[in-house]
Amino acid sequence: MSSNPGLLDTMRSAYAAYDAGDSGPFLDLFSEEGVIRFTAPESFLPFAGPSYGPEGARDALLAISELFEWQSYNVYELIVDGDSVFAVTGGRLRHRESEQETDVQLGDLIRFEDGKIVEFVEFFDSAGLRAWTSGEGVPACAELSAGLAPSGASAAYPAWAPPAEVEPQTHCASSNKALLSKCYDAYARFDPEPLVRLFDSAASYNTVGRREDFTFAGPCYGRSAVLDNIARIHADYDLEKYEISRMIAQDDLVAVHADVGFRYKSTGNLVAVDKVDLFRMRDGKIIEFNEFFDTASALDTREGAGEG
Numbered sequence: 216m217s218s219n220p221g222l223l224d225t226m227r228s229a230y231a232a233y234d235a236g237d238s239g240p241f242l243d244l245f246s247e248e249g250v251i252r253f254t255a256p257e258s259f260l261p262f263a264g265p266s267y268g269p270e271g272a273r274d275a276l277l278a279i280s281e282l283f284e285w286q287s288y289n290v291y292e293l294i295v296d297g298d299s300v301f302a303v304t305g306g307r308l309r310h311r312e313s314e315q316e317t318d319v320q321l322g323d324l325i326r327f328e329d330g331k332i333v334e335f336v337e338f339f340d341s342a343g344l345r346a347w348t349s350g351e352g353v354p355a356c357a358e359l360s361a362g363l364a365p366s367g368a369s370a371a372y373p374a375w376a377p378p379a380e381v382e383p384q385t386h387c388a389s390s391n392k393a394l395l396s397k398c399y400d401a402y403a404r405f406d407p408e409p410l411v412r413l414f415d416s417a418a419s420y421n422t423v424g425r426r427e428d429f430t431f432a433g434p435c436y437g438r439s440a441v442l443d444n445i446a447r448i449h450a451d452y453d454l455e456k457y458e459i460s461r462m463i464a465q466d467d468l469v470a471v472h473a474d475v476g477f478r479y480k481s482t483g484n485l486v487a488v489d490k491v492d493l494f495r496m497r498d499g500k501i502i503e504f505n506e507f508f509d510t511a512s513a514l515d516t517r518e519g520a521g522e523g
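So this is what it looks like as structure tokens:
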């Protein structure tokens, strides 16, 4: 249950209007000082921002519509906690120039003050989208799984065994937030073990990116595969910074926004990005993890090709 049901209803209405092709309700919510940005290099998407106020938001959305067109659009998860919102959205996207279509997954991080949007950040696999618009692949898009592998995945991941049944959620949002907060405090001290121990035997783990760009990207299922994936991260990167800016919790979901810095061992370059980790919890365990960040900027910076 949301801690701010009025705002939850407002966001549902705004997203429903956007799905119907009307961005007006979203734009009406923007503060004159509100900022909107998209997690991609401006060399790829010039409107990535930041842009300010309702007019800036309108111009950014217009620029998007000139490049892309939604063939279908869905809101998969909508979390409202106080004045903070995180939504997982996506669908079928058409690139107008090439007339290609692909599925995409987005994460919208929104902050309100006095009933108005003061910050709107949209996360997506920018490296994959950039490659796709150049005819070099497709962006990452893994269906949220509620901790369950997709049909047939148990054969692809033989070590993964689904739970016999999904038990009702017994930990409330505040308990989940407190539990993860302690784990992130330890992680910021370079101790990942408390967080790692929380992954359930049937957990899923997904970084919204392409495996050809990041060895740890894409979905995996089961605790053993999750641990292998985390090991790949630490094999390639050294953690230098992990600062939590906010946690948004509702029912069994917790979204964690953080500013992070990882040193890429192969080049020595520091990859500094903000990102959102989305957890689905059950009985004090992580059953699903999804990670959103600017994959294009991270990839470019890692290889020394970032914007100066």
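Numbering-wise (my numbering), the sequence shown opens with residue 216 and increments by one.
In this text, a Cβ means the ideal position worked out from N, Cα and C, and glycines have one as well.
Here the structure is a predicted model, which is why all the values come from computation and not from measurement.
8 Å Cβ shell around residue i - same chain, five flanking residues per side excluded
i	result
R438	F414, D415, S416, A417, A418
G268	F245, S246, E247, E248, G249
A255	A263, F339, S341, L344, R345, D509, A511, S512
Q286	G306, R307, L308, R309, E316
Y372	Interpretation of Y372 is limited by its pLDDT of 32, a score under 50 that renders its predicted location unreliable; no figure is taken from the coordinates.
T225	L244
F431	T422, N444, I445, R447, I448, D451
I459	S396, Y399, A403, V471, H472, A473
G433	A355, A357, N421, T422, G424, R425, R426
D428	A342, G343, T510, L514
Reference residue i; option with closest CA among the options
i	options	result
E281	I294, L308, A302	L308
K500	A393, A355, A278, Y402	A393
F517	V486, E292, V353	The amino acid at residue 517 is misidentified as Phe; the sequence shows Arg. Closest by alpha carbon: V486.
Y233	P265, Y267, N289	N289
E314	F338, F335, S349, V333	S349
Y230	A255, E292, P265, E257	E292
H407	C387, F301, I445, S389	Looking at the sequence provided, one finds Pro at residue 407 rather than His. Ranking C387, F301, I445, S389 by Cα distance to P407 puts I445 first.
K480	F507, E337, G519, Y399	G519
D296	D237, E506, S217, L321	S217
W306	V300, D298, Q320, I294	Before going on, a small fix: residue 306 reads as Gly here, not Trp. Nearest C-alpha to G306: Q320.
R273	T304, F241, L260	F241
P220	S299, F504, T430	S299
F253	D323, S460, A450	D323
L223	Q465, G476, D474, L493	Q465
E334	V475, R461, D498, S389	R461
F507	G239, H449, T225, V303	V303
S390	V469, D400, A235	V469
Y399	D515, I502, V491	V491
V471	C387, D489, F429	D489
S396	E427, Y457, I332	Y457
T482	L514, A473, I502	L514
V475	R404, G236, G271	R404
V411	E337, I502, A388	I502
D498	E270, C387, G433	C387
G271	I332, R227, S228	I332
Residues sharing a beta bridge with residue i, DSSP
i	result
T304	V290, L321
S299	D296, R326
N505	N421, L493
Q465	L468
Y267	V250
E337	F253, D323
R478	D453, L485
I459	A473
E316	R309
E284	R309
I279	I279 pairs with nothing; no bridge assigned.
F262	None; F262 has no bridge partner.
F245	I332
K500	R497
7 Å CB neighbourhood of residue i in its chain, flanking five on each side removed
i	result
E284	R309, R311
R478	Y452, D453, E455, L485
L260	F253
P409	K397, C398, A401
R227	L293
Sequence-distant residues of the same chain with beta carbon closer than 6 Å to residue i, five excluded per side
i	result
F262	A275, A278
A355	D340, G343, V423, G424, R425
A346	G352
Y420	C435, V441, N444, F504
P378	Note on P378: pLDDT 42, under 50, position unreliable in the model; the coordinate value appears next. Excluding positions up to five away in sequence, the list reads A417.
P265	V250, R252
F301	I294, L324, I463, A470
S238	L276
L493	A470, N505
V336	R252, L324
Residue-chain proximity (residue i, chain D), Cβ-Cβ < 8 Å
i	result
F507	Any reference to chain D falls outside this structure, which holds one protein chain only.
**OP:** State whether the segment 237-246 contacts the segment 324-333, with contact taken as three or more CB pairs (one from each stretch) at a distance under 8 Å.
**Re:** With a cut-off of 8 Å, the segment 324-333 and the segment 237-246 count as touching, because enough Cβ pairs lie within range.
Subject >> 4 or more residues per run - each alpha helix (DSSP H) lying fully within the segment 397-455 >> reply: 408-412, 438-451
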